[in-house]
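Data block below; observations after.
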Amino acid sequence: MKKYVAEFTGTLFLVFIACGVAAVSGCKFPEAGYIATALAFGLTIVAMAYSIGNVSGCHVNPAVSVGVCVAGKMTVAECVKYIISQFLGAICGAILLGICLGNFSALGANGFGGVLANGTTVTAGMAIIVEIILTFAFVLAILGVTDKEKNASVAGLVIGLTLVVIHLIGIPFTGTSVNPARSFGPALFQGGQALAQVWVFIIAPAIGGALAGVFYKAVLKENK
853 MKKYVAEFTG
863 TLFLVFIACG
873 VAAVSGCKFP
883 EAGYIATALA
893 FGLTIVAMAY
903 SIGNVSGCHV
913 NPAVSVGVCV
923 AGKMTVAECV
933 KYIISQFLGA
943 ICGAILLGIC
953 LGNFSALGAN
963 GFGGVLANGT
973 TVTAGMAIIV
983 EIILTFAFVL
993 AILGVTDKEK
1003 NASVAGLVIG
1013 LTLVVIHLIG
1023 IPFTGTSVNP
1033 ARSFGPALFQ
1043 GGQALAQVWV
1053 FIIAPAIGGA
1063 LAGVFYKAVL
1073 KENK
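Per this note's numbering, the sequence shown runs over residues 853 to 1076.
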């Protein structure tokens, strides 16, 4: 039970803090919003990794749990319980964020349809591809760095910094999800376009996480 409580708590704080920074910085400081949001997600993961990591592994992300399960490091039953805990944590985090902001109109939800610097409009197909690639990279980094016990002391930092970089490239496209729970919680209460598009951020990261698990199991694990 402790593992599931830890996952609930970690995901709650990820949504409340990191999505909160995205919501506030995007409105108040748009030019610095990308960097602030990227750092918020990465550093929150670092903090959670060193606080709840020894209890649950600090997945706080259904895509990570799917990848770990496909890689053979977790049972399907345990994976399902992790995912339920993460979604519940994200929902509660979004509720608390909305209460603190005074409204639920902007909770840092993900979306597509914006225009890139080169004038290209981000389509659903582009969003799906970007989210699959970024989630694959993120989950693969997690599987790799946690594969050896000697990396335990730096694993949280590596994972957090990887998430920062992933956000820096992904934010212009989708706001960067790579985490179905993180996307679902804010979208559920923000509604509108965010809720209508949330399917992309549930399906694509799950595919990316599963592919990372397959790649790890087929290539990296065999080379140990």
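C-beta atoms are modelled at their ideal positions from N, C-alpha and C, and glycine is treated no differently.
Under a Cβ-count criterion, where at least 16 other Cβ atoms within 10 Å of its own Cβ denotes burial, should Gln1049 be classed as buried or exposed? buried
What residue range does the alpha helix (DSSP H) around Leu948 cover? Taken as a continuous stretch (DSSP letters only), the alpha helix (DSSP H) holding Leu948 covers Val928 to Leu953.
When the Cα atoms are used, what is the spatial distance from Gln938 to Asn913? 6 Å
Assuming the contact rule is C-beta atoms closer than 8 Å, Phe893 and His1019 should be a hit. Round their C-beta distance to whole Å, please. 5 Å
Looking at C-alpha atoms only, which residue of Gly1037, Gly909, Cys871 and Phe964 is the closest neighbour of Cys931? Gly909
For Glu983, count neighbouring Cβ atoms within 10 angstroms of its own Cβ and tell me buried if that reaches 16, exposed if not. buried
Relative to the C-alpha of Ile1023, which candidate in Leu968, Val857 and His911 has its C-alpha closest? Leu968
Please work out which residues of its chain come closer than 6 Å, Cβ to Cβ, to Leu1015, disregarding the five sequence neighbours upstream and downstream, and give them in chain order. Phe893, Gly894 and Ile897
Can you check which of these residues, Ala870, His911 and Ala942, is closest to Leu891 by C-alpha distance? Selected option, being the one with the closest Cα: Ala870.
Proximity of Ala976 and Phe964 at Cβ, strictly below 8 Å: yes
From the DSSP output, read off the bridge partner residues of Val967. Thr973
Please state whether DSSP places Thr889 in a helix, a strand or coil. helix
Output the distance between the C-alpha atoms of Lys1076 and Tyr1068, rounded to the nearest integer angstrom. Confidence at Lys1076 is low in this model, with a pLDDT of 48, below 50, so its placement is unreliable and no value can be given for it.
Classification of Ala925 by the beta-carbon crowding that lies within 10 angstroms, buried from 16 upward: Per the sequence shown, residue 925 should be read as Lys rather than Ala. Lys925 should be labelled buried.
8 Å Cβ cutoff met for Ile935 and Ser957: no
CB-CB under 8 Å to Gly950, same chain, minus the five flanking residues each way: which ones, in chain order? Phe956, Leu959 and Phe1041
Only counting the same chain, and skipping five residues up and downstream in sequence, which positions put a Cβ closer than 6 Å to that of Val857? none
Of the residues Ile1021, Ala993 and Lys1002, the one placed nearest Val1010, counting alpha carbons only: Ala993
Where Thr973 and Gly1043 are concerned, what is the direct C-alpha to C-alpha distance, given to the nearest angstrom? 22 Å
How about Val1030 and Phe990: do their beta carbons lie closer than 8 Å? Taking 8 Å as the Cβ cut-off, Val1030 and Phe990 qualify as a contacting pair.
When you compare only the Cα positions, how much space is there between Pro1057 and Ile1021? Spanning the alpha carbons of Pro1057 and Ile1021 requires a straight line of approximately 15 Å.
Which term fits Met853, buried or exposed, when burial requires 16 or more other beta carbons within 10 angstroms of its beta carbon? exposed
Mind listing, in chain order, the continuous alpha helix (DSSP H) runs of no fewer than 4 residues lying wholly within the segment 1019–1071? 1032–1042 and 1044–1067
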